[in-house]
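full-length UniProt numbering puts the sequence shown at residues 1 to 515. Okay, so here's the structure we're looking at.
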Amino acid sequence: MTSSETTPLLREIAPEPLESEHVTPENSDTEGNEPPGTFARQLSALDGFALLISIVIGSGVFSSPGAVDANVPSPGAALLVWLVGGILAWTGALTMAELGTAFPGEGGIQPYLTHIYGEVFGYMAAWSWVVATMPATLAILSIVFVESIYSSLGINEPAPPFTHKLLSLLVLVVVSTANSISTKTSTRLGNFFVVIKLLSIFLLIVSGLTVVFVFLGNHHKDLGGGDWHSRAWFEPRETALPDGSKFDWRNVSTWQSLGFYSTALYGALWAYSGWDKANYVAAELRHPSKQLPLAINTAIPTIIVCYVAANAVYYVLLPWEVVSTTDAAAVTAITHFLGKGVAYFATVLICLVIAGSALGNSFVAGRMTVAAANQNWLPKTLGAIGQIGTFKVSKTSVADQGTDEALDKGESPINALILNTVLSAIYILLGNMRILLTLNGLAEYFFFFLTVLGAIILRWREPGLHRPVKPFILIPIVFAIISGFVVVRGAIFAPIQAAILVGVWIVGVVYYYVR
């Protein structure tokens with residue numbers, strides 16, 4: 001099966017366009033050799049920009065700084081990790097833009113892998129996303145939602161009690177239920193959550209600047225953590241770990257350091273997770289060859305600046321030994337700076353950000369599962385719309401109007417959402433945020449590496465392929481080298497997560513050949 005014959009893993013994860021944005025035959029763009037595609041070309045570059053901002057900026061920038069800081073020798077090194085993570089996301093997204101416009105109308109990496117390596121690789125990417133990546137993401141978001149609330153109350157425990165897991169499960173069920181009622185819940189709230197995310201980061205940056213300017217005006221008055229002006233930002237220091245122990249970086253070899261840096265990078269990359277999502281709407285952009293790279297080249301640099309600035313603020317607002325111990329850095333920083341009263345307001349904003357990201361990712365996970373079921377890669381029951389098991393709970397069904405039309409009208413893939421909820425619950429019960437960050441990173445970037453490597457292979461195997469977007473060859477090469485090394489070194493450094501992932505893939509391969 002070629003990529004042009006596959007069903008896209010995602011169809012419409014962006015908010016519905018306004019009626020004024022509908023494209024007529026006269027102003028639609030087929031981009032020369034590009035096929036017209038399955039979907040109406042209704043979206044603008046601004047929609048692609050908003051989509052990336054909405055999906056990428058989630059809980060990561062507010063929660064994973066602790067996981068990054070615990071694996072680097074200095075705050076300056078942590079900021080460099082955030083910068084490298086952003087550059088990796090940027091180069092990867094530009095390469096995805098090449099593939100997205102060369103194979104328009106498909107979306108996601110599954111059809112690219114199928115075209116380059118064969119169907120089993122496309123299937124394995126879908127399987128990995130459905131069974132590992134998306135459930136782990138939802139588990140992390142649910143955990144961080146709960147830990148943010150506890151952090152605002154001044155509770156930061158190295159080993160949270162089981163009640164925290166139960167509350168995380170409650171958050172997960174609420175999110176899945178919201179998407180089960182109607183998938184339009186997520187899309188209609190999209191713009192609201194974008195505003196909340198940018199507002200939260202803006203308020204963080206303003207807080208940091210306030211501390212800096214007050215100190216510059218009076219060196220005897222420091223409203224922040226103190227370390228930011230009294231210690232060197234790139235000088236190695238002992239890192240305080242969540243269990244209360246100290247880690248001395250002076251006794252770490254270069255090879256060990258690379259393992260720690262790989263783990264730190266997974267924390268940053270999880271915060272950037274979603275940079276590839278612009279390709280999912282490439283088929284619906286009015287002028288994809290122009291708008292897709294424009295959306296990427298504006299959204300990702302904006303996100304990089306926001307992330308580096310926000311993390312610098314954490315080191316200004318907090319004592320440095322605190323950063324590595326918290327899984328809710330933003331709430332902890334605001335509590336330290338302005339007290340619990342204001343921290344409650346900040347917690348509401350950040351929890352809204354996390355909830356928006358969870359709703360969006362749950363929405364995506366349901367669509368991915370349905371698409372895989374429609375490919376006969378998963379049981380057909382998981383592709384059912386408006387049903388619980390085989391019981392019909394909606395007035396209309398796929399049999400009446402087709403899967404895509406049912407989804408467009410707000411019907412929910414309830415069976416798919418139930419599967420995703422169960423898998424996410426297992427990850428919540430058996431893991432913690434930092435373990436799941438590494439598992440998520442390994443699962444995602446293994447297939448991102450294969451995809452970008454495939455784009456390089458196609459430059460030689462199919463030189464005549466029409467590529468409306470064609471970045472300089474060094475861009476995909478840089479991504480392939482860094483991501484390939486991070487996957488290998490990260491797997492060696494975190495063998496348990498790697499073994500779990502290999503087990504998931506082995507089950508997937510067996511199911512593919514016996515289904």
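Glycine is no exception: its CB is placed at the ideal position from the N, C-alpha and C atoms. This structure is a prediction, so every number in the text was calculated from the model and none was measured.
Note down the Cα distance separating N374 from A310, rounded to an integer number of angstroms. 42 angstroms
W82 versus K290 - alpha carbon distance: 28 angstroms
Just checking, does the region 56-65 make contact with the region 140-149 on the three C-beta pairs under 8 angstroms criterion? yes
Taking its Cβ as the centre, do 16 or more other Cβ atoms sit within 10 Å of H22, making it buried, or is it exposed? Residue confidence for H22 is low, a pLDDT of 35 falling below 50, so the modelled location carries little weight; the figure read from the coordinates is stated next. Counting Cβ neighbours within 10 Å, H22 comes out exposed, since fewer than 16 surround it.
Rounded to a whole number of angstroms, what is the C-alpha to C-alpha distance between T177 and L417? 8 angstroms
I need the boundaries of the alpha helix (DSSP H) containing residue 516, first residue and last residue. Nothing about residue 516 can be read from this structure; the chain reaches only from 1 to 515.
Cβ pair count under 8 angstroms reaching 3, the region 122-135 against the region 477-496: no
Can you name the start and end residues of the alpha helix (DSSP H) that S148 belongs to? M134 to S152
Mind the definition here: the region 65-72 touches the region 257-268 only if three or more C-beta pairs lie below 8 angstroms; say whether that holds. yes
Report all residues from its chain with a CB closer than 6 angstroms to the CB of A329; omit the five preceding and five following residues, and keep chain order. P65, G66 and Y314
Taking the alpha carbon of L439 as the reference point, which residue from G386, H229 and W505 has its own alpha carbon closest? W505
Identify, in the order they occur along the chain, each residue of the same chain with its Cβ nearer than 8 angstroms to the Cβ of I428, setting aside the five sequence neighbours on each side. A139, S142, I143, K165, S168, L169 and L172
Along the chain, where does the alpha helix (DSSP H) containing I297 start, and where does it finish? Note on identity: in this sequence residue 297 is Asn, with Ile being the wrong assignment. From DSSP, the alpha helix (DSSP H) with N297 extends over P288 to L317.
Starting from F62, follow the alpha helix (DSSP H) in both directions and report where the run begins and ends. G60 to S63
Give the straight-line distance between the Cα atoms of E462 and A102, rounded to the nearest whole angstrom. 11 angstroms
Determine the burial state of L241: buried for a count of at least 16 other Cβ atoms within 10 Å of its Cβ, exposed for fewer. exposed
Check T239 in the structure and name its three-state DSSP category. strand
Check for me: the alpha helix (DSSP H) holding residue 518 runs from which residue to which? There is simply no residue 518 to check, as the chain begins at 1 and stops at 515 in what is shown.
Beta-carbon proximity check, V480 vs I500, cutoff 9 angstroms: Reading off the sequence shown, one finds Ala at residue 480, where the question assumed Val. Contact: no.
State the DSSP-derived secondary structure class of K470, mapped to helix, strand or coil. coil
For residue 516, count neighbouring C-beta atoms within 10 Å of its own C-beta (all shown protein chains included) and say buried if the count is 16 or more, exposed if not. For the chain, the structure presents residues 1 to 515; residue 516 sits outside this window and is missing.
Is the beta carbon of V509 sitting closer than 9 angstroms to the one on S483? no
Can you tell me whether T326 is buried or exposed, with buried defined as 16 or more other CB within 10 angstroms of its CB? buried
Pick from T95, P293, A355 and G76: whose alpha carbon is nearest that of P476? T95
In whole angstroms, give me the CA-to-CA distance for L294 and F446. 26 angstroms
Would you kindly check if the distance between the Cβ of F234 and the Cβ of P75 is under 9 angstroms? yes
Using the three-state DSSP reduction, which class does F247 fall into: helix, strand or coil? strand
Give a yes or no on whether the C-beta atoms belonging to T239 and W249 are separated by under 9 angstroms. yes
Please tell me whether, using a cut-off of 8 angstroms, the distance from the CB of T254 to the nearest non-hydrogen atom of the ligand FMN is below it. You won't find the ligand FMN in this model; it holds no ligand whatsoever.
Residue of T347, L378, T332 and M433 minimising C-alpha distance to R515: L378
Residue of F472, T298 and I492 minimising C-alpha distance to L52: T298
Give me, in chain order, the residues of the same chain whose beta-carbon lies closer than 7 angstroms to that of L458; leave out the 5 immediate sequence neighbours on both sides. I116 and L465
N361: buried (16+ other C-beta within 10 angstroms of its C-beta) or exposed? buried
Would you report the Cα separation of V206 and V316, rounded to the nearest angstrom? 12 angstroms
Grouping DSSP H, G and I as helix and E and B as strand, with all else coil, what is I109? coil
In angstroms, rounded to a whole number, what distance separates the CA positions of G154 and T332? 8 angstroms
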